[in-house]
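Chains A and B are the protein sequences, given in the same order.
Here the first sequence stands for residues 1 to 340, where the numbers follow the UniProt record's numbering.
Here the second sequence stands for residues 1 to 340, where the numbers follow the UniProt record's numbering.
Have a look at the structure below before the remarks.
There are 2 protein chains.
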Amino acid sequence: MAGGISLKELAAELKLAPSTVSRALNDSYEISEATKKKVISMAEKLNYHANPFARSLRENKSKTIAVIIPERINSFFAQVVDGIEEIAQEQGYHLLIYNTHEDLEREQKIVNLLLNGRADAIAMSVTSQTSDVSHLQKLHDRGLPVIFFDRIRSEIPTTKFITNDYESAFEATKHLIQQGCKNITLLTLGKDLSISKERQRGYNDAIKSEGWELDPSMTLYCSHEEERNVELIEELLLSSNRPDGILASVEKLAFATYLAVKRTKLRIPSDLKLISFSNTSIAGILNPSLTTITQPAMSIGNECANLLIKKLTKPKQYELIDQVITIPSKLTIRESTLVE
Amino acid sequence: MAGGISLKELAAELKLAPSTVSRALNDSYEISEATKKKVISMAEKLNYHANPFARSLRENKSKTIAVIIPERINSFFAQVVDGIEEIAQEQGYHLLIYNTHEDLEREQKIVNLLLNGRADAIAMSVTSQTSDVSHLQKLHDRGLPVIFFDRIRSEIPTTKFITNDYESAFEATKHLIQQGCKNITLLTLGKDLSISKERQRGYNDAIKSEGWELDPSMTLYCSHEEERNVELIEELLLSSNRPDGILASVEKLAFATYLAVKRTKLRIPSDLKLISFSNTSIAGILNPSLTTITQPAMSIGNECANLLIKKLTKPKQYELIDQVITIPSKLTIRESTLVE
DNA sequence: TTGTATGCGTTATCAT
DNA sequence: ATGATAACGCATACAA
């Protein structure tokens, strides 16, 4: 459709062989400075742009990174994508985006699609439904560089970037305890996700470290539907054994909690203290402002892109070794956990 | 890197000619059902995936749409991208993302990059710095389908999707007036942006429709730096002629207003009523909850993708005619404009 | 219905 | 320092 001019046409215009022009444009040492100058200026004049597909076909690489995320772009994934995009653009890489919508089948389809080489590398965060990992295994077996972030699968021996979910959840729970909470509920999404497990473990250990008994009914499994979650939480808040502290393992559950609280007579933080994993920039203008554990989303994105590009550029020097790299989250205390 | 098997190898395995295999996989009418079945099953067995670059080179199309956005992915652009992604994935298209970071030079660079045919079509929202549109003109001249959304440039004769900025700003201002505001300030970003102009016009006309005098000092030009904006707004709120109503033309200026108000003794909505263009899902849990004009971001994304894909699929039937398509925004009244 | 040959636009190998 | 030629993997015009 676009149809600029080709290398051959440019060469004809210059009365040079295509190979010479190619070398000149690629700044080969075999070409004289004089012709290089001529070629480059003519290329600019005629607005020549190398056909990326011919080049990709020839060189067997695309200068493209694919990012697969599991849900609608929320503040966390938006920041990760921004972080990846920043580095990619800087390094002349292109960015493909795919959304699995928490659907394993879509994830498999997309992963299979990428097996054809459209992208040189992949950064992904898996679906909460991802039980079977054979599609991911295949990706890795084929030698396509893959990195996981946030929602990782340890079965695949590659580098993964996460935040310190365990420690953060531990710290968050301890913070609630320090602020006087005696009865803390964890709001979480699933049991399968790596991050859920780690956050649950952090919560569990914090409770146990007080010598308290761990009550399984104090972990509330929520869904992906907001209204349903609000109902669940409201029910929880109206129950006889209602919590005086809540740790929301993802942002949207904190928002659901605000909505649920609105439906009751309870007040944050006097009746209920709330802390949440969250990347929203407006935690500070919620009322009361929300104490958060902020994941270093932008940094995670940056690191993913940096490592992948290094691996692509210098495959011998950089290996995607099987390790989990942890970038710490940051606890920001605000009004929602204040002692009044 | 990835290196699956090629068509030729697949053909060899099947003891068929590559062309036959190609046709079978493309479901050509010339091929018998029997061989089609054989070919397809073998292709699956050997995990054959057509090389996208060879195909793109041959067919001169990439099944790829590029999206260019001007800033970090915020709730509006996230929703637009989600909307585009949804349709693209459904139709087997790939999505490239580029961020110009409000920088004209980057915009030019990216646009020039896309001149080489890497994407079949482009959906974009321009930079607030975009004064010179020659790079956009070139894109269009080359016949590359381009659509603008939200931040459009009317100089380029193509289809643009926006929301009813003028009417919404008018309605929003009228709403403030109905709620008793006598002194309304418009917070805006620039004077160059299409959307800013329209929203300003809507505000102006609403003020004038009351028979009031239009006071230029009641329009506050903000920056892209949050802290600076908070200071500007705080100053405004402490001035002798402070407003009793604010219309924020973009979300982040509403957030800045919340922060500025926090620093004063004023209260929303009793001392100051606030309404904002915004796509945040949490307008309802701000305190007080925020009256918003919600842009149909997801729909805008859907429409962009749909039209582009139609144009690509049936170029004769669908033209990107020079028109502006308006999808209305929705006013949702919440506490921040309540009469107490 | 299937096979053969060509070309898409590059880059790399081998000449000159 | 430059030119001729082949090859990347695919789809298609042409041949059988």
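For each residue, glycine too, the CB sits at the ideal point set by N, CA and C.
query                                                                                                                                                                                               : result
Tell me whether the beta-carbon of Gln79 of chain A lies closer than 8 Å to the beta-carbon of Gly284 of chain A.                                                                                   : no
Does the beta carbon of Ser131 of chain A come closer than 8 Å to any beta carbon on chain B?                                                                                                       : no
Assess contact between the segment 250 to 266 of chain B and the segment 118 to 134 of chain B, defined as three or more Cβ pairs (one per stretch) separated by less than 8 Å. Is contact present? : no
For the 8 Å Cβ check, are there 3 or more pairs between the segment 244 to 263 of chain B and the segment 220 to 236 of chain B?                                                                    : yes
Below 8 Å between beta carbons is the criterion; list the residues of the segment 241 to 271 of chain A that meet it against any residue of chain B, in chain order.                                : Phe255, Tyr258, Leu259, Lys262
Rounding to the nearest angstrom, what Cα-Cα distance links Gly208 of chain B and Leu214 of chain B in this structure?                                                                              : For the record, residue 208 of chain B in the displayed sequence is Lys; it is not Gly. If you take the alpha carbons of Lys208 of chain B and Leu214 of chain B, they lie about 7 Å apart.
For a quick check, are the C-beta atoms of Ser125 of chain B and Thr280 of chain B less than 8 Å apart?                                                                                             : no
Could you pull the DSSP bridge partners for Gln323 of chain B from this structure?                                                                                                                  : B:Thr159
For a contact meaning CB atoms closer than 8 Å, what does Pro18 of chain B contact in chain A?                                                                                                      : By Cβ distance, chain A contributes nothing, its closest Cβ being about 16 Å from Pro18 of chain B, past 8 Å.
Quick one: what does DSSP say Thr64 of chain B is sitting in, helix, strand or coil?                                                                                                                : strand
Taking 8 Å as the CB-CB limit, is Glu85 of chain B close to chain A?                                                                                                                                : yes
When we look at the beta-carbon of Ile73 of chain B and count the other beta-carbons within 10 Å, is it buried (16 or more) or exposed?                                                             : buried
Pick out whichever of B:Lys8, B:Tyr166, B:Pro157, B:Val261 has its Cα sitting closest to the Cα of Asp244 of chain B.                                                                               : B:Val261
What residue range does the beta strand (DSSP E) around Leu96 of chain B cover?                                                                                                                     : 94 to 99
Is Ser278 of chain A helix, strand or coil when you go by DSSP?                                                                                                                                     : coil
Would you grab the beta carbon distance between Thr257 of chain A and Leu232 of chain A for me? Rounded to a whole angstrom, and I think it's under 8 Å.                                            : Thr257 of chain A to Leu232 of chain A, Cβ: 10 Å. No contact.
Return the CA-CA distance between Thr185 of chain B and Gln179 of chain B, expressed in angstroms with no decimal places.                                                                           : 15 Å
So the beta strand (DSSP E) Lys330 of chain B belongs to, where does it begin and stop?                                                                                                             : 330 to 332
Give the residues of chain B in contact with Asp82 of chain A, contact being defined as C-beta atoms less than 9 Å apart.                                                                           : Arg72, Ile73, Asn99
Start and end of the beta strand (DSSP E) containing Val146 of chain A?                                                                                                                             : 146 to 149
Look at the alpha carbon of Asp132 of chain B and the alpha carbon of Glu86 of chain A, and state the distance between them as a whole number of angstroms.                                         : 24 Å
Under three-state DSSP, which class holds Lys273 of chain A?                                                                                                                                        : strand
Per DSSP, what are the beta-bridge partners of Leu247 of chain A in this structure?                                                                                                                 : A:Leu186, A:Ile275
With Ala169 of chain B as the anchor, note down where its alpha helix (DSSP H) starts and where it stops.                                                                                           : 165 to 178
Leaving aside the five residues before and after Ile326 of chain A along the sequence, list all residues of the same chain whose C-beta is less than 7 Å from its C-beta, in chain order.           : For the record, residue 326 of chain A in the displayed sequence is Thr; it is not Ile. Excluding residues within five positions, the ones whose Cβ falls inside 7 Å are Ile162, Thr163, Asn164.
Classify Ser62 of chain A: buried if its beta carbon has 16 or more other beta carbons within 10 angstroms, exposed otherwise.                                                                      : buried
For Glu44 of chain B, tell me which candidate among B:Leu57, B:Leu14, B:Val146 has the shortest Cα-Cα distance.                                                                                     : B:Leu14
Could you tell me the alpha carbon to alpha carbon distance between Ser240 of chain B and Asp271 of chain B, rounded to whole angstroms?                                                            : 14 Å
Return helix, strand or coil for Met1 of chain B, following the three-state DSSP convention.                                                                                                        : Unreliable placement is indicated for Met1 of chain B, whose pLDDT of 39 sits below 50; the coordinate value is still reported in the next sentence. Coil.
Nearest by alpha-carbon distance to Ala88 of chain B: which of B:Asn99, B:Thr188, B:Ser22, B:Val67 is it?                                                                                           : B:Val67
Would you mind telling me which residues of chain B sit closer than 7 Å to His140 of chain A, beta carbon to beta carbon, in chain order?                                                           : In chain order: nothing, as chain B lies at least about 11 Å away.
Take Ile293 of chain A and list the residues in its own chain whose beta-carbon comes closer than 6 Å to its own, dropping the five residues that flank it on each side.                            : Ser168, Ala172, Phe277, Ser329, Leu331
Any beta carbon of chain A sitting closer than 8 Å to that of Asn26 of chain B?                                                                                                                     : no
Taking the beta carbon of Thr313 of chain B as the centre, do at least 16 other beta carbons fall within 10 Å, making it buried, or is it exposed?                                                  : exposed
Which residue from B:Pro18, B:Thr127, B:Ser6, B:Pro145 puts its Cα closest to that of Gly117 of chain A?                                                                                            : B:Ser6
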